Amino acid sequence: MSALRSLLAVLLALVGTAPLAHAASPLMIWPVDPVITGPQRAVALWLENQGADTVSMQVRVFRWSQVEGEDRFEPQTQVVASPPISQIPPGQRQMVRLIATGATPAQQEQAFRVLVDELPAPAPSAGSAAPDPAAAVQLQIRYAIPLFVYGPKTLPARLADARSLVDGTTVVQPELFWTVQRDGGKDRIRLINRGSAHARLTSAGWSGDGARQDTLSYVLPHSEKWLDIAPVPASPMRALNATINGRDAQLPRASQ
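Note that the working numbering has the sequence shown beginning at 1130, numbered continuously upward.
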């Protein structure tokens, strides 16, 4: 089982988050950042086939955690996809409901990855014409989409408004720091999230440099994640500027 989980982690890490890829596939998926909040305990995920052929899609949901700076994905039953398998004709769309079947504790955020796979086309029946060799060499589509589920009266900061603050809703948000650690014989940047919500980084750069590097990295609550950015600063006074959950922020260095 541990070997299977390790393989799954590698596959999902390679997928990353590629929700829309018109040039590579005829499939469109939205929303790209689904969340489950409030008493409804479900969210709709739409799959639209913009190609010329019917496609078969499978949707699965895995628990997502981060251990020693690396993503880990495990099978679970707390969130299920309905229907798990769909056939989508050309020009049509399919709604898949992501349903939270278990309770999420109040004031908490739980992380999942939704894996969307295109299933291989059925093999040609006996006596049918041989397939075109060029058409046979095609990779199936695979997408990994983050899903966050919140407890009762709990919202991430980006979804909170003045009314939610008045009615006693708890607003969860990340608290991100950075530090330098040795890994594989070299210095690397390690991000530390001491907050109660995930941080989504889309760019990062050092104070005083001006330039930023594009990146896409998630740091889950009370977790750590490696950030590949250079150079590693020699001065402990340097600050890391980043775009977190769509907003610019300056990250302090973690105290030892």
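The beta-carbon is built from N, C-alpha and C at its ideal position, and this holds for glycine as well. Since this is a predicted model, take the numbers as computed values, not measurements.
Cross-strand partners of residue i (DSSP beta bridge)
i     : result
T1206 : BP columns for T1206 are empty, so no partner.
I1165 : V1278
Q1239 : V1278
T1283 : T1299
D1246 : Q1187 and R1271
V1216 : Checking the displayed sequence, the identity of residue 1216 turns out to be Gln instead of Val. Partner(s): S1185.
V1361 : V1361 pairs with nothing; no bridge assigned.
R1319 : T1308 and W1355
C-alpha gap between residue i and residue j, whole angstroms
i     : j     : result
I1274 : E1203 : 15 Å
A1173 : L1244 : 15 Å
I1158 : R1222 : 9 Å
D1338 : A1291 : 37 Å
R1189 : A1328 : 23 Å
G1231 : G1313 : 40 Å
A1142 : S1211 : Reliability of the predicted coordinates at A1142 is poor, the pLDDT of 43 falling under 50, and no value is obtained from them.
W1175 : R1201 : 26 Å
V1209 : R1311 : 39 Å
V1178 : P1155 : Note that residue 1178 is Asn in the sequence shown here, rather than Val. If you take the alpha carbons of N1178 and P1155, they lie about 6 Å apart.
S1293 : P1303 : 18 Å
A1368 : Q1207 : 39 Å
Other residues of its chain near residue i: CB distance less than 6 Å, five sequence neighbours each side excluded
i     : result
D1246 : Q1187 and R1271
R1170 : A1229
T1372 : T1331 and S1332
I1214 : Q1187
A1383 : F1306, T1308 and I1321
T1298 : K1282 and L1284
Top-ranked residue by Cα proximity to residue i, from the options
i     : options                       : result
P1168 : D1296, P1350, P1281 and S1185 : P1281
D1182 : S1325, A1235 and P1218        : P1218
T1331 : T1344, F1191 and A1232        : T1344
P1163 : R1201, G1198, P1155 and V1225 : V1225
D1296 : P1303, Q1302, R1287 and T1283 : T1283
L1227 : R1242, G1324, R1311 and R1201 : R1242
P1234 : I1373, S1325, A1359 and R1367 : S1325
S1185 : G1231, L1248 and T1299        : L1248
F1277 : P1212, R1192 and R1311        : R1192
H1386 : N1374, G1198 and I1318        : In the structure displayed, the chain extends from 1130 to 1385; residue 1386 sits before or after that span and is not available.
T1166 : G1220, A1289 and G1375        : A1289
P1360 : G1375, I1318 and R1323        : I1318
Own chain residues within Cβ distance below 8 Å of residue i, not counting five before or after
i     : result
N1370 : A1333, G1334, W1335, S1336, R1341, D1377, A1378, Q1379 and L1380
Cβ-based neighbour list, residue i, same chain, cut-off 7 Å, excluding 5 preceding and 5 following
i     : result
L1320 : L1305, W1307, V1348, E1353, K1354 and L1356
S1346 : L1330, K1354 and L1356
Q1216 : T1183 and S1185
- Counting only runs that start and end within the region 1325-1352, where is the alpha helix (DSSP H) found for 4 or more residues in a row? none
- Length-filtered (4 minimum) alpha helix (DSSP H) runs lying within the region 1174-1203: none
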